[in-house]
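Number of protein chains: 2
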Amino acid sequence: MIELEHIKRIARTSPSKIVLMIIDGIGGLPHPETGKTELETARKPNLNRIARDSVCGLIDPVSPGITPGSAPGHLAIFGYDPVKYNIGRGVLEAVGIDVELKAQDIAARGNFCTVDDQGLIKHRRAGRISTDKNALLCRLLSDIAVEGVEISVLPVKEHRFVLIIRGQGLSPDLTDSDPQQLGLPPRKVDPLSHQAEKTARIVNEFLSQARNRLKSQPSANMILLRGFSRRPDLPSMSEIYKLKPAAIATYPMYRGLARLVGMQVLPTGDTITDQLSTLRRYYADFDFFFVHFKSTDSLGEDGNFQAKVQAIEELDSALPDLLSLDPDVLIVTGDHSTPATLAMHSWHPVPFMLRSKWCRRDQVAEFSEKACLAGGMGRFSALEIMPLALAHALKLDKFGA
Amino acid sequence: MIELEHIKRIARTSPSKIVLMIIDGIGGLPHPETGKTELETARKPNLNRIARDSVCGLIDPVSPGITPGSAPGHLAIFGYDPVKYNIGRGVLEAVGIDVELKAQDIAARGNFCTVDDQGLIKHRRAGRISTDKNALLCRLLSDIAVEGVEISVLPVKEHRFVLIIRGQGLSPDLTDSDPQQLGLPPRKVDPLSHQAEKTARIVNEFLSQARNRLKSQPSANMILLRGFSRRPDLPSMSEIYKLKPAAIATYPMYRGLARLVGMQVLPTGDTITDQLSTLRRYYADFDFFFVHFKSTDSLGEDGNFQAKVQAIEELDSALPDLLSLDPDVLIVTGDHSTPATLAMHSWHPVPFMLRSKWCRRDQVAEFSEKACLAGGMGRFSALEIMPLALAHALKLDKFGA
């Protein structure tokens, strides 16, 4: 397996353009009545046209049998081994609301919860308070001042928030305050290393003040913190691949992930048509574009087979706008499967196609799970995608003399 | 590549059942007259039926070109990298006669041999003495007493035995006494570390007493020891996978291997029908069953093509009893190939199929080497089998958020 450091040594800039379209959760399973997957059911002449001009295959985002979360699935496609580059829960939560973390910031995932008279946890989610109420309480906690650090408490959704601590000499090496069990008191956090002692003091002081400020609340009268973490030290895509990369995504989580690997996030609208207009607008300014299509995953998670089929058809009908740009390399794949029959992310491998003047086409004539199995790439690791993209764009030198 | 430590973090218990059937040495090569392999020749409607409902593929137990012994082949399927987890020769010999080793026991593989008047090795196997004679001599040696340790000498077959030393402060870090060459004297063993000095003294004292006790024997007048080793420190399947695993095997070697990874070994009879009755009897008590079918390998090693075909047919006709249990995940594969034409274990990849409500079926309609090549799993490492089994049984959480 080639490592990023090897790629870095042979990557070179060139005017060629790469477009990577990630259709979130695109892989599926057959509908029990028809025996056809979502992709096999959808009318998708443009995706099939691309397949005929491509080398196709099936990717394992992490490895066979492993169901990827959104972050590991995307990191793998961007070429970063998700087993090696682990993103902490706190950072992921911050990324998910599109917060830009500085390198030294400490982030934690927070829950508002309910404790009883003796301080024991009664509801881990404070009865799922409203997002509006959440925002109000976060403002209350953001005022807390602790020795020389800057504290932000940012609402996510319902009972969830992100705590960000900015300052000197901090470390994320802390235990959770969340015991993840009812009937226990929220814990103090403990330092897991000498370097984290000061941070532990700060967090425990924050927790104690938070308890005071919330004590009169009817349900959200305490907080739970977990997943203290710092932005992972990912080498940027421009550093490794010598690319000038841009992201066109409608959901904050994917914009955040793109930022972590050094992509510039472009302003765009809510629909795939908006996203492809953005692509056209900025096409001259970058040489790598990540275009993220979300609804296939959401509808798969809802278990709505027919709506996922329609989302594929909606995407397909927008594609001529992309095809008219005729990128030197066009890749279409997904970060994982989300079969509507399972109604969740799954471990099944994901259809993949790469179209380029220099690809060795295979016999695949349809973009689907079954058809791609017979493709020229066979079944392979998502970590190979970036080297393939660069190679077909003639952006990689020979390895060795 | 996902490691056991990662699997451990995402494994969860659930009521679903996994049955793993290992058909020993199942892979084959074409008969020169018919051009068909053993599997392709056999009438096997039930295996083919399972194939049609499965995702199929071909596994490499160790890696392409590598012929696995029984231990590495099985360890890999159980998810333990056989390159990382090496089982010493002495331990393997003990496992092969179903001896339960304690963690600190030292085991060595022994040969009875013949030495001449000058003490030089004349026959490395003492002319392959009978197993009965072997048992008699082992009793003679088991009486030997050496400073504060407990010594067992257990017969295997013909000239082979296992030496087990139990006591405090021992180490397996010793050279062999067996020079593996004729015309040389048996060696004293040397310690390879400071910790092994005491053990070396004990073994050399044992060797010297054994020489005395055997000197009047006509052929088996000395012994050779090699492969001093200790039970490998394998994390158990229940620890890693959160399974409650059981083994149903007729041969001691496979029961021993199963025990090494923490399976409970169930009492069973000699035939596959007995084994499947055992499966039914204990079906409620465990959630993972390893069923081992041996004769395909033995008959392949005998070079008996037709008998291996019949063994496959015998297995196939017993399968309805298994299928009526309808396990949530049913896997059928082998630990290596044993082509009758080669009459030995071989390096050829092994047919694999996994049947589950949640598998993505492929076009494979027959359980054979050629047919499985077109399967949805393609060609893959046996180390992926356990993650796939757990995934399809819905016993794995998402990796990362």
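Note that the protein sequences, when read in sequence, are chains A and B. At position 33 of the first sequence (counting the first as 1) the number is 33 in the working numbering, and the numbers step up by one without a gap. At position 368 of the second sequence (counting the first as 1) the number is 1368 in the working numbering, and the numbers step up by one without a gap. Note that beta-carbon positions come from the ideal geometry of N, C-alpha and C, so glycine has one too. Keep in mind that this is a model prediction, so the values were computed, not measured.
- Taking S130/A as the centre and dropping the five residues before and after it, the same chain places the C-beta of E158 closer than 8 Å to its C-beta, in chain order.
- Relative to the Cα of E301/A, the nearest Cα in the group I18/A, R43/A, V261/A, L29/A belongs to L29/A.
- Shown here, D326/A sits in coil according to DSSP, grouped into three states, outside any helix or strand.
- Taking 8 Å as the cut-off, the Cβ atoms of G96/A and P252/A count as close.
- Using a Cβ-Cβ cut-off of 8 Å, F1380/B counts as an interface residue toward chain A, since at least one Cβ of chain A sits closer than that to its own.
- At a cut-off of 8 Å between C-beta atoms, A71/A counts as an interface residue with respect to chain B.
- For D1060/B, the enclosing beta strand (DSSP E) covers residues 1054 to 1060.
- In the assembly as shown, N1134/B is a buried residue. Its beta-carbon has 16 or more other beta-carbons within 10 Å.
- Per the DSSP secondary-structure output, A246/A pairs in a beta bridge with Q264/A, F289/A.
- Note on geometry: alpha-carbon atoms of Q1209/B and L1192/B lie some 23 Å from one another.
- Within the segment 51 to 63 of chain A, V62, S63 place their CB atoms closer than 7 Å to a CB of chain B, listed in sequence order.
- Chain order gives the chain B residues near I66/A as I1002, H1006, I1007, I1010, P1387, A1391, L1396, K1398, F1399, where near means a beta carbon separation below 9 Å.
- By the neighbour-count criterion, in which 16 or more other beta carbons inside 10 Å mark a residue as buried, Q180/A falls on the exposed side.
- Take the alpha-carbon of L234/A and the one of D328/A: they are about 27 Å apart.
- In this structure, V1055/B sits away from L1322/B, with a CB-CB distance that is not shorter than 8 Å.
- At a cut-off of 3 residues, the continuous stretches assigned as beta strand (DSSP E) that sit fully inside the segment 129 to 204 of chain A are 150 to 155, 160 to 166.
- Boundaries of the beta strand (DSSP E) harbouring R226/A: 222 to 229, taken from the DSSP string.
- According to the DSSP assignment, G378/A belongs to the beta strand (DSSP E) that extends over 378 to 381.
- In the DSSP annotation of this structure, the continuous segment of the beta strand (DSSP E) that includes K1122/B starts and ends at 1121 to 1123.
- In this structure, DSSP gives G1027/B an extended state, which the three-state scheme calls strand.
- Approximately 6 Å separates the beta-carbon atoms of F1228/B and G1090/B; this is inside 8 Å, confirming the contact.
- Note: I1077/B is not bridge-paired with any residue in the DSSP secondary-structure output.
- Comparing C-alpha distances from H1006/B to each of S63/A, S346/A, I165/A shows the shortest one belongs to S63/A.
- Proximity of the segment 335 to 351 of chain A to the segment 303 to 311 of chain A meets the contact definition, three or more beta-carbon pairs being nearer than 8 Å.
- Around the Cβ of H194/A, a 10 Å sphere holds fewer than 16 other Cβ atoms; the residue is exposed.
- For T1341/B, no beta strand (DSSP E) segment is defined, and its DSSP state is neither H nor E.
- Minimum Cα-Cα distance from K1215/B among the listed residues E1147/B, L1141/B, A1200/B corresponds to L1141/B.
- Beta-bridge annotation (DSSP): M386/A is not paired with any residue.
- Identification of chain A residues near E1384/B by a Cβ-Cβ cut-off of 8 Å yields S63, P64, G65, ordered along the chain.
- For G1376/B, a Cβ of chain A is located within less than 8 Å of the residue's own Cβ.
- Within chain B, not a single residue places a beta-carbon under 9 Å from that of I106/A; the smallest gap is close to 18 Å.
- With respect to chain B, the C-beta atom of R125/A has no partner C-beta closer than 8 Å.
- In the three-state DSSP reduction, I1050/B falls in the helix class (H, G or I).
- Contacts with chain B at 8 Å (Cβ-Cβ) include V83/A.
- Look at R109/A here: in three-state DSSP terms it is strand.
- By the beta-carbon neighbour count (other beta carbons within 10 angstroms, threshold 16), R1012/B is exposed.
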